[in-house]
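Presented below is the structure to which this report refers.
Residue numbers (the numbering used here), protein chains in the order written: chain H, 534 to 800; chain C, 534 to 800.
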């Protein structure tokens, strides 16, 4: 794939501080980064915005808003939208939250998520930020995200203009779903693919399953077919590599970034 | 729930030998057991059949056939059907297999599974055994079962008479899916619910994720709603408790069985 489309998510090389991430992306010709709220806030939002902007990099996404089924979601999400606007990114990724404590009602959790998106969408639009609902793999339905399929995400997103609400297409979360290709076409038809993220799937999954997102090309997902699918529906935005992997995080960050770029180009 | 409908899968209390499992089920009034091929073969198929039959217990299912994407599946599955017939159960559970080594083509894996079922279905029917395709949670798509939803399982099963091929409805694998209730109705409409299995979902998932099947009532799944759903579509067969859980397996087997029966009755 063409490096012009590449974005490296900050978590992929979380062992690198923000200045090192930026410097190595510039050195390697990576034009964009995906950022996370916690390290950005630790560095300072304005300082981070200046650092990235002065290096000529684009911020493809900010992760993450959401968690609509937890207390305090309103304030947290308005702050996340403000930070996205300050960083100059047009996309805030939403990890929507799982079951509220003590609840077993997934349908009710999904309704709460839809209500939360409705409450935020105009505010996001006013700040030039698109909310991108990310369906997470069904193994996260209880504790992280009750939105488990791209169709579910679109059922919520389509209630709003695409410049306010869209979706994330993440290979790791969707690769198993035989209905995902038609849902990708559905998302593209109304201009709602606000982010395309790549990670590969390897087994055995680690305990807690969060940090099983593997290096491109090392796992079970036909990432080339996914890239072609997104091409075919007319998606021309960034392709963001987002890996969470303890073994990769234990390596030298600069080398990991080089290896990741190489894996991206090999697809 | 009524104990008349209860079946305890052998793996739930795998620390119990087959004679102890049978004796404790009789003592507690559990009328049926689900068996696994490996411990049954270790005990002797005919001896196991006699033990269970003489105790007046029913064998609700034999686990498992399948793994159609691995070498040797033909012989292994014919043997599994023979063993099911010898044990007097009408249902062989199929765990269909994941991606073949080196493949990233889920659609091709699913096609191989459909071909495998087609090759076995008449043989099963001739032996009075129904093949029950079990959709496994999408987190198992790569390594255990490329059939991830009940609709996918039905797409295969509906090519055959229901007395040859049906499906397993397992709460652990299906609970996240908003399309599962309509698929359950679809399965019932043609008499294809050949097994209904219960386990609860807890997080964090253990490494490898296989042994996260938790005691009824301790997790995120609304098992009462699932039981009602199966009632509503007219399912009147066994309700089988199948837990895989290292912590539960470390306990005293007889006490675990008692606790499991109590949890079943509490639903």
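We put the beta carbon where it would ideally sit given N, CA and C, even for glycine.
In the DSSP assignment, what residue or residues form a beta bridge with residue i?
{"i": "residue 685 (chain C)", "result": "Per DSSP, none; premise fails for residue 685 (chain C)."}
{"i": "residue 746 (chain C)", "result": "C:734"}
{"i": "residue 699 (chain H)", "result": "H:665"}
{"i": "residue 596 (chain H)", "result": "H:569, H:626"}
{"i": "residue 773 (chain H)", "result": "H:540, H:730"}
{"i": "residue 778 (chain H)", "result": "H:745"}
{"i": "residue 591 (chain H)", "result": "H:565"}
{"i": "residue 678 (chain H)", "result": "H:630"}
So which of the options has the shortest CA-CA distance to residue i?
{"i": "residue 752 (chain C)", "options": "C:620, C:663, C:734, C:645", "result": "C:734"}
{"i": "residue 650 (chain C)", "options": "C:637, C:585, C:695, C:562", "result": "C:695"}
{"i": "residue 610 (chain H)", "options": "H:589, H:664, H:594", "result": "H:664"}
{"i": "residue 790 (chain H)", "options": "H:534, H:535, H:566", "result": "H:566"}
{"i": "residue 648 (chain C)", "options": "C:634, C:686, C:559", "result": "C:686"}
{"i": "residue 536 (chain H)", "options": "H:754, H:553, H:558", "result": "H:558"}
{"i": "residue 515 (chain C)", "options": "C:722, C:644, C:635", "result": "As displayed, chain C neither begins before 534 nor continues past 800, which places residue 515 (chain C) out of reach and without an answer."}
{"i": "residue 560 (chain H)", "options": "H:759, H:800, H:787, H:799", "result": "H:787"}
{"i": "residue 645 (chain H)", "options": "H:613, H:678, H:672, H:669", "result": "H:678"}
{"i": "residue 800 (chain C)", "options": "C:774, C:784, C:785", "result": "C:774"}
{"i": "residue 642 (chain C)", "options": "C:674, C:792, C:615, C:794", "result": "C:674"}
{"i": "residue 688 (chain C)", "options": "C:676, C:661, C:725, C:656", "result": "C:725"}
{"i": "residue 605 (chain C)", "options": "C:630, C:538, C:698, C:747", "result": "C:630"}
{"i": "residue 670 (chain C)", "options": "C:620, C:659, C:701, C:654", "result": "C:701"}
{"i": "residue 729 (chain H)", "options": "H:746, H:736, H:760", "result": "H:760"}
{"i": "residue 783 (chain H)", "options": "H:658, H:613, H:549, H:541", "result": "H:549"}
{"i": "residue 619 (chain H)", "options": "H:595, H:748, H:634, H:633", "result": "H:595"}
{"i": "residue 676 (chain H)", "options": "C:666, C:564, C:693, C:754", "result": "C:754"}
{"i": "residue 727 (chain C)", "options": "C:756, C:737, C:767", "result": "C:767"}
{"i": "residue 636 (chain C)", "options": "H:758, H:552, H:608, H:660", "result": "H:758"}
{"i": "residue 656 (chain H)", "options": "H:553, H:616, H:746", "result": "H:616"}
{"i": "residue 574 (chain C)", "options": "C:555, C:551, C:699, C:607", "result": "C:551"}
{"i": "residue 585 (chain C)", "options": "C:613, C:556, C:572", "result": "C:556"}
{"i": "residue 762 (chain H)", "options": "H:703, H:592, H:796, H:571", "result": "H:703"}
{"i": "residue 634 (chain H)", "options": "C:746, C:772, C:797, C:736", "result": "C:736"}
{"i": "residue 554 (chain C)", "options": "C:592, C:534, C:538", "result": "C:592"}
{"i": "residue 572 (chain C)", "options": "C:613, C:731, C:667", "result": "C:613"}
{"i": "residue 750 (chain C)", "options": "C:797, C:632, C:771", "result": "C:797"}
{"i": "residue 660 (chain H)", "options": "H:666, H:621, H:667, H:570", "result": "H:621"}
{"i": "residue 697 (chain H)", "options": "H:538, H:653, H:587, H:576", "result": "H:653"}
{"i": "residue 632 (chain C)", "options": "C:603, C:769, C:668", "result": "C:603"}
Legend entry - Three or more C-beta pairs below 8 Å linking the stretch 742-750 of chain H and the stretch 694-710 of chain C: no
Inset, instruction - Please confirm if the stretch 578-588 of chain H is in contact with the stretch 624-634 of chain H, defined as three or more CB-CB distances below 8 Å between the two stretches. - result: Fewer than three pairs of CB atoms, one per stretch, sit closer than 8 Å, so the stretch 578-588 of chain H makes no contact with the stretch 624-634 of chain H.
Legend entry - Uninterrupted alpha helix (DSSP H) stretches inside the stretch 622-675 of chain H (no shorter than 4 residues): Runs of the alpha helix (DSSP H) lying entirely within the stretch 622-675 of chain H and spanning at least 4 residues, in chain order: 639-659.
Legend entry - Interface residues of the stretch 717-746 of chain C facing chain H [CB-CB below 9 Å]: 734, 735, 736, 737, 738, 739, 740, 741, 742, 743
Inset, instruction - For the stretch 767-784 of chain H and the stretch 540-548 of chain H, state whether three or more C-beta atom pairs, one from each stretch, are separated by less than 8 Å. - result: yes
Inset, instruction - Indicate whether the contact test is met: 3 or more Cβ pairs, each with one atom in the stretch 663-683 of chain C and one in the stretch 709-724 of chain C, closer than 8 Å. - result: yes
Legend entry - Residues of the stretch 644-675 of chain H with Cβ closer than 9 Å to any Cβ of chain C, in chain order: 670, 671, 672, 673, 674, 675
Legend entry - Inter-stretch contact (C-beta, 8 Å, three-pair minimum) for the stretch 716-736 of chain H and the stretch 598-606 of chain C: no
Legend entry - Residues of the stretch 622-640 of chain H whose Cβ lies closer than 9 Å to any Cβ of chain C, in chain order: 631, 632, 636, 637, 638, 639, 640
Inset, instruction - Could you run through the stretch 746-757 of chain C and flag, in chain order, every residue whose CB is less than 7 Å away from some CB of chain H? - result: 753, 754, 755
Legend entry - the stretch 697-717 of chain H: positions lying closer than 9 Å to chain C by Cβ: 708, 709, 710, 711, 712
Legend entry - Chain-ordered residues of the stretch 776-792 of chain H with a beta carbon less than 7 Å from chain C: none
Legend entry - Selection of the stretch 679-696 of chain H by Cβ proximity to chain C, strictly under 7 Å: 681, 685
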